[in-house]
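Novice: Quick one: this structure, given as C-alpha cells, is what I'll be asking you about.
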Ligand code: 13P
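In the numbering used here, the protein residues as written are 1014 to 1265.
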C-alpha cells in the first residue's frame, strides 16, 4: 500500500540550535495532533542530523539528509558518506534535488552511485525529478521527466525501486509561490505511475509513494493531497515553521 508522506526539506537554513528547536516543536505537534497515518520526515543539513535525530521520537518523526557522497568512503574532502548519515540516526536521503542538479552539476551517473550506496545502507532515497519552466512552456515536461527516471531509478530492479520514494518538483514552482495547479501535479504523478506500471507492473506502481513539491503550503496542501496519485509532499519554505508543517501533515 502507498504510504502518505510529508517530508520537509530545510535546505541551507537554520543553525543547529534553531534546527533542534524546530525539530522539537514539530515532534511535539506531531505527537499531540499529527495524523497517525502520515509518515513525517525532516530533511536537515548534515550538521544537524545527529542532534535532530536525538531530539525527535523516531517512531513518529524520521530524519533525512539532503544529499550524500557518491563514494562509500575515502579521500573525498568535504563529503559525507551514506554510512555517516546512517550513523546519525537518519533513515532517509533526499537525492537529485533540482538545486543539486542545477548548482552542483549532479548528473544521472552521479545519482546512480548515490542511489546504489543509499539502498545498500538500507536508507530510503527520496528521489527528486522535475522540469524547468522552459521545458514546461515547450510542453515537453513528460518526456523530460521520463528521461530523468529512465536514466536512474528505472534502471533498478523492482525490489529496489519499491524502496524508493519519488518526488516530482517542477523547478518553476520551487520557492516561487507559484504552485503547479492541482491538475498539473496530478497529471504528472499519474504519468509517472503509468510509466512504472508499464515498465514494471501495476502492482509495483500501486506500492510506490509519489510526492509533489513546489510552493506547497497549508493553503493548497489539502487540494493537492486529495488527488488520486498524490501521496504527499516535499516541503521547502513551509517546513521551517512548525505550525505550517503540521497543517500540511494534517491536510489529508
Ligand atoms: P518550496 O516548498 O519552498 O517551494 O520548496 C520546495 C522544495 O524544493 C522542496 O524540496
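Heads up, the beta-carbon is just placed ideally off N, CA and C, and yes, glycines get one too.
Roughly how many angstroms lie between the CA atoms of residue 1095 and residue 1206, to the nearest whole one?
Specialist: If you take the alpha carbons of residue 1095 and residue 1206, they lie about 28 Å apart.
Novice: Please return the same chain residues whose Cβ sits closer than 6 Å to the Cβ of residue 1138, not counting the five positions on each side in sequence.
Specialist: Excluding positions up to five away in sequence, the list reads 1106, 1108, 1128, 1131 and 1177.
Novice: Is any heavy atom in the ligand 13P found nearer than 8 Å to the beta carbon of residue 1186?
Specialist: Yes, the ligand 13P has a heavy atom inside 8 Å of this Cβ.
Novice: I believe residue 1048 touches residue 1262 by the beta-carbon criterion, under 8 Å. Please report the beta-carbon distance rounded to the nearest angstrom.
Specialist: Correct: roughly 6 Å between the Cβ atoms.
Novice: Might you give, ordered along the chain, the residues of its own chain that have their beta carbon closer than 6 Å to the beta carbon of residue 1084, omitting 5 neighbours on each side?
Specialist: Cβ neighbours of residue 1084 beyond the five flanking positions: none.
Novice: Is residue 1024 near the ligand 13P, in the sense that its beta carbon is under 8 Å from a heavy atom of that ligand?
Specialist: True, at least one ligand heavy atom lies under 8 Å from that Cβ.
Novice: If I follow the unbroken alpha helix (DSSP H) through residue 1225, where does it start and stop?
Specialist: Where residue 1225 is concerned, there is no enclosing alpha helix (DSSP H), although the beta strand (DSSP E) it sits in stretches over 1223 to 1226.
Novice: Using three-state DSSP, classify residue 1250 as helix, strand or coil.
Specialist: If DSSP states are grouped into helix, strand and coil, residue 1250 belongs with the helices.
Novice: Alpha carbon to alpha carbon, what distance is there between residue 1062 and residue 1191?
Specialist: Those two C-alpha atoms are separated by around 30 Å.
Novice: For the ligand 13P, I want to know if residue 1251 counts as a neighbour, meaning its beta carbon is within less than 8 Å of at least one of the ligand's heavy atoms.
Specialist: Yes, since a heavy atom of the ligand 13P falls inside the 8 Å radius drawn around the Cβ of residue 1251.
Novice: Taking the CB atoms as reference points, tell me whether residue 1180 and residue 1036 lie closer together than 9 Å.
Specialist: The answer is no: Cβ separation not under 9 Å.
Novice: Measuring from the CB of residue 1195, is there a heavy atom of the ligand 13P at a distance below 8 Å?
Specialist: Result no, Cβ not under 8 Å from the ligand 13P.
Novice: Which residue marks the beginning of the alpha helix (DSSP H) containing residue 1029, and which one marks its end?
Specialist: Residues 1029 to 1046.
Novice: Suppose the cutoff is 6 Å on Cβ atoms and the five residues either side in sequence are ignored; what does the same chain contact list for residue 1264 look like?
Specialist: Excluding positions up to five away in sequence, the list reads 1234, 1235 and 1238.
Novice: Among the residues of its own chain, which have a CB less than 6 Å from the CB of residue 1015, if the five just before and after it don't count?
Specialist: Closer than 6 Å at the Cβ level, and outside the excluded window around residue 1015, lie 1222 and 1244.
Novice: For the region 1114 to 1163, list the alpha helix (DSSP H) runs that are entirely contained and at least 4 residues long, ordered along the chain.
Specialist: Fully enclosed alpha helix (DSSP H) runs of 4 or longer: 1121 to 1133, 1146 to 1151 and 1154 to 1163.
Novice: For residue 1212, which of 1110, 1224, 1174 and 1198 has the nearest alpha-carbon?
Specialist: The candidate whose alpha carbon is nearest that of residue 1212 is 1174.
Novice: Kindly indicate which residue of 1133, 1249 and 1259 has the alpha-carbon position closest to the one of residue 1025.
Specialist: The shortest Cα separation from residue 1025 among 1133, 1249 and 1259 belongs to 1249.
Novice: Cβ-heavy atom distance between residue 1221 and the ligand 13P below 8 Å?
Specialist: Flag unset: Cβ of residue 1221 not near the ligand 13P.
Novice: Under 9 Å, do residue 1187 and residue 1111 count as touching if we go by C-beta distance?
Specialist: Cβ atoms of residue 1187 and residue 1111: closer than 9 Å.
Novice: In angstroms, rounded to a whole number, what distance separates the CA positions of residue 1071 and residue 1150?
Specialist: Taking the straight line from one Cα to the other gives about 42 Å.
Novice: By the DSSP assignment, the alpha helix (DSSP H) with residue 1203 in it spans what residues?
Specialist: Start and end: 1195 to 1212.
Novice: Go ahead and label residue 1027 buried or exposed: buried means 16 or more other beta carbons lie within 10 angstroms of its beta carbon, across all protein chains shown.
Specialist: By the neighbour-count rule (16 or more Cβ atoms within 10 Å), residue 1027 is buried.
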